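Here the protein sequences line up with chains W, A and R, keeping their order. Here the first sequence is numbered in our numbering, starting from 1 and rising by one per residue. Here the second sequence is numbered in our numbering, starting from 1001 and rising by one per residue. Here the third sequence is numbered in our numbering, starting from 2001 and rising by one per residue.
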Amino acid sequence: MKADVPPSGPPLVELKGISKRYGDLLANDGIDLSIEPGEKHALLGENGAGKSTLVKILYGVIEPSAGEIRWDGRPVTIGSPVEARALGLGMVFQHFSLFDELSVAENIAVALSSDWSLSTVREKLGEISRTYGLALDADRAVWTLSAGERQRIEIVRCLLQNPRLLILDEPTSVLTPQEAEHLFTTLDRLSAEGCSILYISHKLEEVRRLCRRATILRAGRVVATIDPRASSAREIAALMVGNAVGEVRSDAPHHPQGEALRVSNLSLPPAGLHGQALRDINLVARAGEIVGIAGVAGNGQSELFAALSGERLADHPDAIAINGKPSGAMGIDARRRLGAAFVPEERLGHSAAPTHRLSENTLISHAATEVSRSGFILMNAAKRVARSIVQSFDVRTPEGDPQARKLSGGNLQKFVIGREIIRKPKLLIVDQPTWGVDAGAARLIRQALVDLAREGSAVVVVSQDLDELFEVADRMAVIHQGTLSPLKPIGEWTKEAVGLKMLGVSQAQGGAHAL
Amino acid sequence: MRFELTPRTNASTMMRVFASVAAFITAFLIAGFVIWLMGRSPIAAFDVYVLQPLSDPWSLQELVVKATPMALIAIGLAYCFRANLWNIGAEGQYVIGAVLGGWLALRTHGSDAGFWVLPLMLLLGVIGGALWGLIPAFLKTRFGVNEILTSLMLVYVAQLILDYLVRGPWRDPKGFNFPQSVTFDPSATLHPIFEGGRVHYGAVFAAIAVLVTAIILGRTLFGYRLKLTGDAPRAARFAGFSSKATTLAVFAISGGLAGLAGILEVSGQIGQLQPSISPGYGFTAITVAFLGRLNPVGILVASLVVALTFIGGESAQIMLKLPLDLTQAFQGILLMCVLAADAMVSYRIRFATRGGGK
Amino acid sequence: MTVFEAILLTIVTASTPLLIAALGELVTERSGVLNLGVEGMMAMGAACSFAAAVTFDSTLLGVVAGMLAGALMAALFALLVLGFAANQTGSGLALTILGLGLSGLIGAPFVGARRDPIAPIDIPGLSDIPVIGRLFFEQDLFVYASIALTIVVAIYLVRTRSGLTLRSIGENHTSANALGLPVRQVRFWAILFGGACAGLAGAYLALVYTRFWSPGMTAGRGWIALALVVFAAWRPGWVLVGAYIFGAATVLQLHAQAAQFGVPSQVLSAVPYLATILALLLLSIRHGRAIGAPGSLGAPFVPDR
């Protein structure tokens, strides 16, 4: 790799005044950024700050509305990812750009220029795997691989092209702490070999571990370029968010009582071709507490959510009891009538219909209640409910009763969580409550969950965000390949222990803590 | 050259109506061009296709007569298409409705059976169409078989059943070996609304279907359920709406309405069973449903417009020697224009020439 | 030639158009686009090829015209679904309606005309083998071409770089776009290929199978070709097998009709359609839904620029 570039030369890449406009929204507003050869540069910012837009421009996926890109000091136009790769850019996407049904080798070959044959790819794959300790089986189909392995494909795909700049978009969001550390070692090594790294994240700790220079974006603009190790976490957070974000308030000790949810020996075969089976899940959530379920994406969280919500029925009625009633064979509607409420992970298309107005979206979980009478919709009642959700949960809307897709991620999440909380459920089950949500909305949502529990409801939070679980949960378990570890009080967990569980490594201690 | 699409965030109702009108005008211009290519005068064709039928009372009645089955079928299809389920076998459901209803007419032929024959025939028509429609629905919900292909294959089967019956067991023994049944008794015949007129009571059924459907789709949970199933199927499951029940329901409704259209046509218009009882109403209704934007009132308007092309096509065949297939070609062009117009409402479309062949 | 040999020969001729049309649709679908307009493109192929062949008295020109007509229709479809991101189901149905109508206009002046049979290509020596000799080695050029096409498509999809790109785009167009693969360009050519194949299948129907033109002569074969792609789980080899099973069903029911077993002819005529439903049903029972379907099949693609 190009370790011979003199450090005194021009920056490897220089962005000048990059702007991107989508209709009325200015996603990037005059962004300047430069990266030296061999530098590990962080791009920090909240969800929605414009980080992904910026790197997609750099990688030629989208076209900037204005601005200039210089590479080795020369102005360039990057019209497509193919041109970007030809320049020496490599990109590891947050939502992987992989093809489930194809093999690892095919996935790599398809992104390379046509003089790479499958057999050359296989050969080089072996070499790179050995050099960097990135083990991959060339002939496995991608859908059989874990998130960590999938990321390895993306990285190897870049490395095979001898990149001079490697861009990683939120790479650790799907990794265990141990896998993340392994990634950092690889990145350190690449940087030492002269490859520049642009590391996109909203996690301060990682950025401080890895980078000496960080550009901070807020609302599409650069607010500062700093040395993350020289600034305090509080300072950086203030720059990212704009105003200080308060902690979630959790009151005096509480005394949970009464089982709102009991899951007994729940097992389910995989739903689709590539689904995860659930194996012998046991879980109890009591009124007044928050139960956290940690785990790396794809380990059975969505399957567990579907089984708990009744979108998929359990194998026997007693597998799930809601407020003491066997409900494993009940549909989601019947479970709602028992006092349960649910918020799935995916906002657009699952918890809300993107093209429907907020008032219509209230029908999705309130259909059996005050918004309808003998099969007819009471539109005014639905509008009233929507209005009160908007007011109680500080949902910022562009107009009175907009389509769901016009709301930002954070505001829509506040709406769908508010839609359930306003029904005063005895049991709330929520999957990834703050995924892709800005800090302000995340805090409001976590506070609402805590408040609901303190008022005597049971809350089950499934989340990949360990910090979030440590903040709100009273008890926690880890899900790995469809198996749930025993629940333990949050105080008895350490991040390392959770990380090992997420990897499926069993520990000697901890077994004694039953439900 | 390259097309670039940006989703529009504010598509107004006005824009949608305007897009329909624009699609219609574009389709007329293209058809005019085709007629010009065929060496005829587009202006004379426009006169025959559109102006003459609209200025003649007999043609106006005929318009309603032709629009009735298409409106009924297309309204049924609106239930399906809204839920993103593709029943394209309405033509077969129409035929089976006519066959089952017609069975009663033939069964009671010559007897002094009373007033109950006709209502029972209509009911049997609905049941026949619904059952035929439920076959693809059942195969889809139970086994996951693609409903597009099965519903279409059943059209051919239904037509062959009718063909067999009127050439075999149901043939009129005194019909000089023509493949047709006896003429229905008056008690099995739907009468014109006005003495001596052409418009029969089937039009009333179409009007009722429009009204009831407007209420169901616009005001009830069932209507919302279809919309949600079509727009966001996972959200529909999350709302507790079973997709299997939805599928069975909409196929039964659309099949039933198509079956009703079939028996109305046979008992009100043709008066007997014969090998061909439809000029493709079941397929044309797909165009009608899209042109009416899956909205009952829109469908009513669209069915009248498309009926105009049928009548215009018939007179053009006689007066201008333009083949009837031109009507079908025009309907295809019209449907394409409507779909393109829909896209223009949903997306801002820009033609970019920069970069060339990307 | 024995009756048995004759039947086998007609099975080959009945299967070939299904095979060609299904192979074209298979490539289109593997790129992630569902084109329901096969019936319309086939009808146009039949009408245009027959018109050209009669007008210029040339089978070759007829075939070229048929393929061009199919490809032109497909280009119209591509404009709708790629250019305007229009609904693929609706656009395909529109294409069928348009194709059936337009083919009626084009074919009308040629009703009643007849073409001479085209000479089979005899592979000397091999065609003298009893029974299978004439079956395998004395067919018309189209039959050999259709078999060759099956092999070419199979190799193209699995072994070539361009085939890998096409499969990737069909599997996940979002990922493909992020990697910079030319999603719409590849799909455009795949749709055009599908159209040309459907046109060729139509040409074969009009110029070889019936040797005359009549309205609605495709009689649902385009739809059966669509079903074959599902039946074959999007694999070219299985399309070949499926096409021959359906071809056999069609021919045998015709012979059964001629033999007058006392079964109404309509029952036998319904056999191909019922067989299609049955095949789809058996496939679904065996495998669950839509095994092998490309991941992005039928989904509209709007690139984010």
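Even glycine gets a Cβ: it sits at the ideal position worked out from N, Cα and C. Keep in mind that this is a model prediction, so the values were computed, not measured.
Chain W contact residues for residue i, given Cβ-Cβ distances below 8 Å
i         : result
A:Phe1238 : Ser309, Glu311, Ile332, Phe342, Pro344, His350, Ser351, Ile364, Ser365
Nearest-angstrom beta carbon gap, residue j and residue i [assumed within contact, 8 Å]
i         : j         : result
A:Tyr1181 : A:Gly1102 : Sequence check: residue 1181 of chain A is Ser here, not Tyr. Confirmed, Cβ separation roughly 7 Å.
A:Thr1247 : A:Thr1141 : 5 Å
R:Val2027 : R:Gly2222 : Not a contact, Cβ separation roughly 15 Å.
A:Pro1275 : A:Val1166 : 6 Å
W:Met502  : W:Leu487  : Not quite, the Cβ-Cβ distance comes to about 15 Å (not below 8 Å), so this is no contact.
R:Ala2021 : R:Ala2198 : 5 Å
Contact set between residue i and chain W, taken where Cβ atoms lie within less than 9 Å
i         : result
R:Ser2146 : Neighbours of R:Ser2146 on chain W: none; closest Cβ ~27 Å, over 9 Å.
A:Thr1220 : Ser372, Gly375, Phe376, Ile377
R:Arg2167 : Phe99, Glu101, Leu102, Glu106, Val110
Secondary structure of residue i, DSSP reduced to three states
i         : result
W:Pro326  : strand
R:Arg2221 : helix
R:Arg2286 : helix
W:Trp71   : strand
W:Ile108  : helix
W:Pro489  : strand
A:Asp1056 : coil
R:His1973 : As shown, chain R starts at 2001 and ends at 2305. That puts residue 1973 of chain R outside it, with no answer to give.
W:Gln257  : strand
R:Tyr2156 : helix
A:Tyr1164 : helix
R:Gln2139 : strand
W:Val498  : helix
A:Arg1350 : strand
W:Gln481  : coil
R:His2173 : helix
W:Tyr59   : coil
R:Gly2045 : helix
A:Val1145 : coil
W:Glu181  : helix
W:Gln403  : strand
A:Gly1255 : helix
CB of residue i within 7 Å of CB of residue j, strictly
i         : j         : result
R:Arg2184 : R:Leu2019 : no
R:Thr2059 : R:Leu2207 : yes
R:Val2033 : R:Ile2191 : yes
R:Ser2031 : R:Leu2157 : no
A:Leu1326 : A:Arg1082 : no
R:Gly2247 : R:Ser2015 : yes
A:Met1014 : A:Val1345 : no
W:Glu197  : W:Lys40   : One point to set straight first is that residue 197 of chain W is Ile, not Glu, in the sequence displayed. Yes, the pair counts as a contact, with Cβ atoms nearer than the cut-off.
Chain R residues whose Cβ lies nearer than 7 Å to that of residue i
i         : result
W:Leu98   : Ser2175
W:Phe93   : Ala2178
A:Val1021 : In chain order: nothing, as chain R lies at least about 18 Å away.
Contact set between residue i and chain A, taken where Cβ atoms lie within less than 8 Å
i         : result
R:Asn2087 : Leu1339, Asp1342
Chain-ordered neighbours of residue i on chain A, where CB pairs are closer than 9 Å
i        : result
W:Glu360 : Tyr1224, Lys1227, Leu1228
Interface residues of chain R facing residue i [CB-CB closer than 8 Å]
i         : result
A:Gly1168 : Pro2264
Under 9 Å by beta carbon: chain R residues contacting residue i
i        : result
W:Ser119 : Near W:Ser119 there are no residues of chain R at all, since even the closest Cβ is about 12 Å away, more than 9 Å.
Any non-hydrogen atom of the ligand ATP closer than 6 Å to residue i Cβ
i        : result
W:Glu455 : Here there are no bound small molecules, and the ligand ATP is not part of this structure.
Any C-beta of chain D under 7 Å from that of residue i
i         : result
R:Glu2025 : Looking at the structure shown, chain D is missing, and the protein chains on hand are W, A and R.
Neighbour list for residue i in chain A, Cβ cutoff strictly below 7 Å
i        : result
W:Thr185 : Ordered by position in chain A, no residue passes the 7 Å Cβ test against W:Thr185, which lies about 39 Å from the chain.
W:His356 : Asp1231
Does the segment 343 to 357 of chain W come into contact with the segment 427 to 436 of chain W, if we say contact requires no fewer than three beta-carbon pairs (one atom in each stretch) closer than 8 Å? The segment 343 to 357 of chain W makes contact with the segment 427 to 436 of chain W; the number of CB pairs closer than 8 Å reaches 3 or more.
Exercise. Is the segment 1021 to 1037 of chain A touching the segment 1332 to 1340 of chain A in the sense that three or more CB pairs, one from each, lie closer than 8 Å?
Worked result: Look at the beta carbons and you see the segment 1332 to 1340 of chain A touching the segment 1021 to 1037 of chain A: at least three pairs across the two are nearer than 8 Å.
> On the three-pair Cβ rule with 8 Å, is the segment 48 to 58 of chain W touching the segment 104 to 123 of chain W?
Replying inline: No: the two stretches stay apart, fewer than three of their Cβ pairs being nearer than 8 Å.
* **the segment 2067 to 2075 of chain R in contact with the segment 2036 to 2055 of chain R per 3-pair CB rule at 8 Å** => In short, these stretches touch, since the Cβ pair count reaches three.
Under 8 Å, with one C-beta from each stretch per pair, do the segment 1246 to 1263 of chain A and the segment 1129 to 1139 of chain A reach the 3-pair mark?
Between the segment 1246 to 1263 of chain A and the segment 1129 to 1139 of chain A there are three or more inter-stretch CB-CB distances shorter than 8 Å, so the stretches are counted as touching.
Check: Are there three or more Cβ pairs, one per stretch, closer than 8 Å when the segment 1096 to 1115 of chain A is compared with the segment 1258 to 1270 of chain A?
Finding: Touching, yes, given that three or more Cβ pairs across the two stretches are closer than 8 Å.
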